[in-house]
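Heads up: the structure comes next, in C-alpha cells.
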Amino acid sequence: MSTTIYLLTIGLKSNYQTSPERQTKNKKSSKNSSKNFTTRNRFAELSNEDKDLNMEINTDIADKKPPPIFIKTFIKNYFNFCDNIKKVIEPDSDFLCKSTTSALKLNLTTTNSFRAVIKFFKGKKVDYYIYQLKEDKSYRYTKLTPYKTNRIH
Numbered sequence: 247m248s249t250t251i252y253l254l255t256i257g258l259k260s261n262y263q264t265s266p267e268r269q270t271k272n273k274k275s276s277k278n279s280s281k282n283f284t285t286r287n288r289f290a291e292l293s294n295e296d297k298d299l300n301m302e303i304n305t306d307i308a309d310k311k312p313p314p315i316f317i318k319t320f321i322k323n324y325f326n327f328c329d330n331i332k333k334v335i336e337p338d339s340d341f342l343c344k345s346t347t348s349a350l351k352l353n354l355t356t357t358n359s360f361r362a363v364i365k366f367f368k369g370k371k372v373d374y375y376i377y378q379l380k381e382d383k384s385y386r387y388t389k390l391t392p393y394k395t396n397r398i399h
C-alpha cells in the first residue's frame, strides 16, 4: 500500500508544468527589478542637526508595586474594613481586595501605603502574612581570601 502512494506522488511531480504565461511574467519582473531608483529621506525632519538644542529628559524611575498582603483574620464587615484601609493609605493611591480560598488578598499601589497598612494591622493585631519588599532585603557579601596554588603538599 505504501509503495503505491509513493509511485503516485512521483508521477504527479513529473507531470507538473508551469503555464507559458507564468514563465514570461517572471522574466519581465526580473528585468524591472534591475533598474535603480532613488527616493527622498522621509526621516530627514527627525535628524538631530541642532546640537545646541537642550532637551529635558525625564528620568523618573517607575515605582514597582509592593507585594500583596494576605489577611487570614476573618472580617465580619467588609465595607467597614475597606473604609478603614482608605483612611490609612495615601489619598491618591488605590487598593484592590480579592478573596482567595484561605485568605483575603490586598494589593496596594505604593510602598508608603503598604507600610502604613502593615502598621495599622500590627496595631489592630490582625493575622496576616506578606512577602518582603525587595528594597528591604539585606545583602550579605563574603570576601574570600586568595588561595595560593603554587604550594604542593
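All the letters of the sequence shown, read from the start, carry residue numbers 247 to 399 under our numbering. The C-beta atom is built at its ideal place from N, Cα and C for all residues, glycine as well. Here the structure is a predicted model, which means the values were calculated and not measured.
Check whether the Cβ atoms of residue i and residue j sit closer than 8 Å, and answer yes or no.
i    : j    : result
Y374 : F366 : no
K311 : T355 : yes
V372 : I331 : no
I335 : F327 : no
My guess is that residue i and residue j are in contact by the Cβ rule of under 8 Å, so how many angstroms apart are they, rounded?
i    : j    : result
L350 : I317 : 4 Å
T395 : L379 : Not quite, the Cβ-Cβ distance comes to about 42 Å (not below 8 Å), so this is no contact.
If you count every other CB in all the chains shown that lies within 10 Å of the CB of residue i, and 16 or more means buried, which is it?
i    : result
S359 : buried
L254 : Low confidence applies to L254: its pLDDT is 44, below 50, so where it sits in the model is not reliable, and the reading given next is rough at best. Exposed: under 16 other Cβ atoms inside 10 Å.
L352 : buried
P314 : buried
P392 : exposed
In chain order, each alpha helix (DSSP H) run of at least 4 residues that lies wholly inside the stretch 305 to 381: Whole alpha helix (DSSP H) segments, 4+ residues: 324 to 334, 357 to 370.
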